[in-house]
Every structure is written in structure tokens, then in C-alpha cells.
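S.K.: Mind looking over this structure? Questions follow.
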Amino acid sequence: MPQDVLVTGARGKTGREVVRQLHDLTVRAGSSKPDAAPSRNVRPVAFDWHDPATWPAAIHGADAVYLMRPDLPDAPRLVAGLVDLNPEAHVVLLSEQGAAGLTPDHWVRQVEAAVTDRAATWTLLRPSWFHQVLTDPRFYRDSIRDDRVLGLPSGGAPIAWVDARDIAAVAVAALRAPADHQGQAYTLTGPGALTVEAVAAALSARLPQPVRADDPPRQQALNGLDPWTADLLDDIYDRVERGEFGELSNDVEKVTGRQPIAVAEFIDTHLGHWVRR
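Residue numbers for the sequence shown, in our numbering: 100 to 376.
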């Protein structure tokens, strides 16, 4: 079992959960804004994808790495550069659902190849859309809370929503026992695939005011974004509409031994995020 694990994006949706669940190992919690004080097993370290000078101290001597993919145009080069600093560390890469069906020159596949072509051992995590985007102010929380609208270009296709805690549980299993998960690519989904309309109905059933589902034109959702981000999201929305994020997998249960968290359960435990104050 590895004893020293670097977690990149330690303050992110999955990163913070990986840190929390790795309670029995020494964790280097990598962040561009690391917490000031260490805890019993967690040592905050500076790690910034935009500053390669922070990488060596963060990764040297680590037995394993939870690598949260940076959503940057040059992510394949950045990821390759980090892995090359410690190619013997087991790398658990956070990728995305449907990556196996993309062409080798696709940005997502190039990031994966930066790991699989360089790391001695690796595990790929390919999750669907996170439950947590529903409570994130950068995504859908405010529109649900303030406007009572959940809007996402989907063409009515279902999404196999998955909880960040389940993604982290699979990551932790792979970090603790690399030999058991070497070379595996896990598709991580919840127990059911729900349309945006079904998620809005689930919110409506639990909140004082109903939430309306909206399926805006894709271009409307992309307005105001920089060209690279717009292209990235346009591709994702296209794959949503084709149903590629709606395929269910039992990999969470296979790795963790328990059923993944359902959307309804997530909503029940996070109602406060959508209550107007």
C-alpha cells in the first residue's frame, strides 16, 4: 500500500473528498491556495498548473497521485510534464465518461495518453456529470435557487449523474491498492440516468416552489465564453444530446461494494443550497 499520496486539486469537488477519505495515509493536499495548517495526516502543499516551479516539491517521493485533469488547452503537455517528474508513482486520473469512444487526437484522449504512455502504473476514472454541479454557484445553484430554473442543453437525453463522494471512493480504492486497479478504466455513474426535466421534477417535489427544466439552444449557453471553453462545452453538450453521458455502469458498486448515491438522495441532503434567504 502506498504511504504518501499527492492529491492535486485538493480543494475541488472530488479532491477534497479524496483527501477526507484517505484518513489512514499521508496526504499531500496540492492546491494553488493551500490551507495554512496541516492536520494529523494531511500536509498542504503548493501546486499550481500555471506554475511548474511548484510541481517538483509536490510530487517528488510520492507513491501515488490523484490527478484531477486541468481543463486547460495545453493539459496534455502539462500532465505529461508532471508525470515525467515521478513516473514510478501510481497515477489515478480523473477523466470523463465516454472517453473510450473519442478519437485518439481528441483533447480528452490526449490527456489520458499523457498518463498511460508515461506512468509505470495507472487507473483512469471516467465519471458522468457530478451531482455537485447542482449546488455549485459556478454552475446551476443560483439559477435553481433564484430563478427556479435548471437549464442545460441536452436535447432531452438522460444523464447518469454521479456523486463526487462515489468518484472519490473509487479513486481511494485505486490509490490504496494500485496493483488491484492497474490498467483499469472505470466508468463511474449513479444508479439511474435522469433527464434534466426529471431532475427538475425531483427538486420541485422537495422545495417550496417548483423548478422548471429548460433546454436552451446550445449557442445561448455558450455566449460570452472564451473560444476554447466554448468549443469544449459545445463538444460536451453534443455528446450529452447523443446520449453518451446517459449510459449506466456498475463500476462504483464493483469497486466499493455498495450502490452509488442517487440524485434524489443528494437533493434530500442538500436542500439548504436552493432555499431563498
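Beta carbons are placed, not taken as given, at the ideal position from N, Cα and C, and that holds for glycine.
For Tyr165, which beta-bridge partners are listed by DSSP?
M.R.: According to DSSP, which records beta bridges pairwise, Tyr165 is partnered with Val106 and Val191.
S.K.: When the distance is taken between beta carbons, is Val126 closer than 8 Å to Lys141?
M.R.: Just to set this straight, residue 141 is Val in the shown sequence, not Lys. Taking 8 Å as the Cβ cut-off, Val141 and Val126 qualify as a contacting pair.
S.K.: Start and end of the beta strand (DSSP E) containing Leu141?
M.R.: Note on residue identity: the sequence assigns Val, not Leu, to residue 141. Val141 to Ala145 is the extent of the beta strand (DSSP E) around Val141.
S.K.: Return the first residue and the last residue of the beta strand (DSSP E) that Pro226 is part of.
M.R.: Where Pro226 is concerned, the enclosing beta strand (DSSP E) stretches over Trp221 to Pro226.
S.K.: Is it the case that the Cβ atoms of Pro252 and Ala361 are separated by a distance below 8 Å?
M.R.: Not in contact: Pro252 and Ala361 (Cβ atoms no closer than 8 Å).
S.K.: Looking at C-alpha atoms only, which residue of Thr222, Arg311, Gly255 and Phe238 is the closest neighbour of Leu321?
M.R.: Cα-wise, what sits closest to Leu321 is Phe238.
S.K.: Does the beta-carbon distance from Pro175 to Ala218 come in below 8 Å?
M.R.: No, Cβ-Cβ distance for Pro175 and Ala218 is not below 8 Å.
S.K.: Thinking C-alpha only, which one of Val117, Asp103, Gly111 and Pro101 is nearest Ala268?
M.R.: Closest by alpha carbon: Val117.
S.K.: Within 10 angstroms of its Cβ, does Pro155 collect 16 or more other Cβ (buried), or is it exposed?
M.R.: Per the 10 Å Cβ criterion, exposed.
S.K.: I'd like to know if the segment 229-247 and the segment 178-194 are in contact, where contact means that at least 3 CB-CB pairs between them fall below 8 Å.
M.R.: These segments do not touch.
S.K.: Give me the residue from Glu340, Asp350, Asp334 and Thr368 with the minimum Cα distance to Val207.
M.R.: Among Glu340, Asp350, Asp334 and Thr368, the Cα nearest to that of Val207 belongs to Asp334.
S.K.: Cβ of Ser194 within 8 Å of Cβ of Leu287?
M.R.: No. Outside cutoff.
S.K.: Among the candidates Val298, Glu343, Ala109 and Ala263, whose CA atom is the shortest distance from the CA of Pro137?
M.R.: Taking only the C-alpha atoms, the option nearest Pro137 is Ala109.
S.K.: Taking the DSSP output, what are the residues bridged to Tyr285?
M.R.: Answer is Leu224, bridged to Tyr285.
S.K.: Give the straight-line distance between the Cα atoms of Pro172 and Trp327, rounded to the nearest whole angstrom.
M.R.: Approximately 7 Å, taken between the alpha carbons.
S.K.: Contact defined as beta carbons within less than 8 Å: I believe Leu224 pairs with Ala270. What is the distance between those atoms, to the nearest angstrom?
M.R.: Right, their Cβ atoms sit about 6 Å apart.
S.K.: Where does the unbroken beta strand (DSSP E) through Gly377 begin, and where does it stop?
M.R.: Outside the modelled stretch of the chain, which goes from 100 to 376, sits residue 377, for which no answer is possible.
S.K.: Take the Cβ of His280 as the centre, count every other Cβ of all protein chains shown within 10 Å, and call the residue buried at 16 or more, exposed below.
M.R.: Buried, since its Cβ has 16 or more Cβ neighbours within 10 Å.
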